[in-house]
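Report on the structure given below.
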Amino acid sequence: MGDPVASPPPALGLSRPRQIGGKFVTRKPDAGLELRFFIAEQGPVQIVSLVGYLVRDNEPVLERCVKEVIGRNAAWVILNFRDVAPEVDRKLFRSLVQAQKMLREKPKMVRICGLHPDLANQLMDQGVVRREELFGNVAEVLASLKDA
Numbered sequence: 363m364g365d366p367v368a369s370p371p372p373a374l375g376l377s378r379p380r381q382i383g384g385k386f387v388t389r390k391p392d393a394g395l396e397l398r399f400f401i402a403e404q405g406p407v408q409i410v411s412l413v414g415y416l417v418r419d420n421e422p423v424l425e426r427c428v429k430e431v432i433g434r435n436a437a438w439v440i441l442n443f444r445d446v447a448p449e450v451d452r453k454l455f456r457s458l459v460q461a462q463k464m465l466r467e468k469p470k471m472v473r474i475c476g477l478h479p480d481l482a483n484q485l486m487d488q489g490v491v492r493r494e495e496l497f498g499n500v501a502e503v504l505a506s507l508k509d510a
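Everything in the sequence shown is counted per the numbering used here, starting at 363 for the first residue and increasing by one.
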């Protein structure tokens, strides 16, 4: 009968399926599971928008992002996950925790927004994100900073 954990067969013309967060993702070989980041800065606030997939192969992109953010002089860092796929490679949890720790040591105040609800719950359950730092969107974070 085979393995108890069966993986779906590869789709025609696509690469081998890859398991991410309990779900299988099949990608075109040339498309990749890319992660990009964009940084917008105004005064003491940086908004870091992440776009793509949080998979182990993208750990160097996350590290580059953190180094670039640390090198700037903003007191507040907003990590916007609005355009990140809800499936996350659990092997990347440690890197996400380290990234936040490095930002706080600078010291920078960290706020996180735009997480898919399933991903937010998973990250909170695993202690990767702090509930008090989690917001729905960038506008909510900016409004909360006025009170800080």
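C-beta: ideal position from N, C-alpha, C; glycine also.
What's the gap between the Cα of ASN499 and the Cα of PRO406? The straight-line gap from Cα to Cα measures roughly 18 Å.
From CYS475, GLU502, GLY394, MET486, pick the residue whose C-alpha is nearest to that of VAL410; which is it? Selection CYS475, GLU502, GLY394, MET486 evaluated against VAL410 yields CYS475 as nearest (Cα-Cα).
So is ARG473 buried or exposed if we call it buried at 16+ other beta carbons inside 10 Å? Result: buried.
Integer-rounded CB distance, given that LEU485 should sit under 8 Å from LEU454: With a Cβ gap of about 10 Å, LEU454 and LEU485 do not count as contacting.
Helix, strand or coil for ASN442 per DSSP? Correct three-state label for ASN442: strand.
Quick one: is LYS508 buried, meaning 16 or more other Cβ sit within 10 Å of its Cβ, or exposed? Counting other Cβ atoms within 10 Å of its Cβ, LYS508 stays below 16 and is therefore classed as exposed.
Leaving out the 5 sequence neighbours to the left and right, which residues in its chain are closer than 7 Å to CYS427 when beta-carbon positions are compared? The residues are PHE399, VAL410.
Count the other CB atoms within 10 Å of the CB of ASN442; is the residue buried (16 or more) or exposed (fewer)? ASN442 comes out buried.
In chain order, what residues of the same chain have a beta carbon less than 6 Å from the beta carbon of LEU465, not counting five sequence neighbours either side? The answer, listed in chain order, is VAL439, VAL472.
Which one of LEU424, ARG452, ARG444 has the shortest CA to CA distance from LEU477? Ranking LEU424, ARG452, ARG444 by Cα distance to LEU477 puts ARG444 first.
So what does ILE432 bridge to, in DSSP terms? Note: ILE432 sits in no beta bridge, so no partner.
Assuming the contact rule is C-beta atoms closer than 8 Å, ILE401 and GLU425 should be a hit. Round their C-beta distance to whole Å, please. Contact doesn't hold; Cβ gap of about 15 Å is too wide.
Between the C-alpha atoms of PRO448 and ASN435, what's the straight-line distance to the nearest angstrom? Straight through space, the alpha carbons of ASN435 and PRO448 are spaced by roughly 30 Å.
Excluding five sequence neighbours on each side, which residues of the same chain lie with their C-beta closer than 6 Å to the C-beta of GLY414? Once the five neighbours on either side are set aside, the close Cβ partners of GLY414 are GLU396, LEU397, ARG398.
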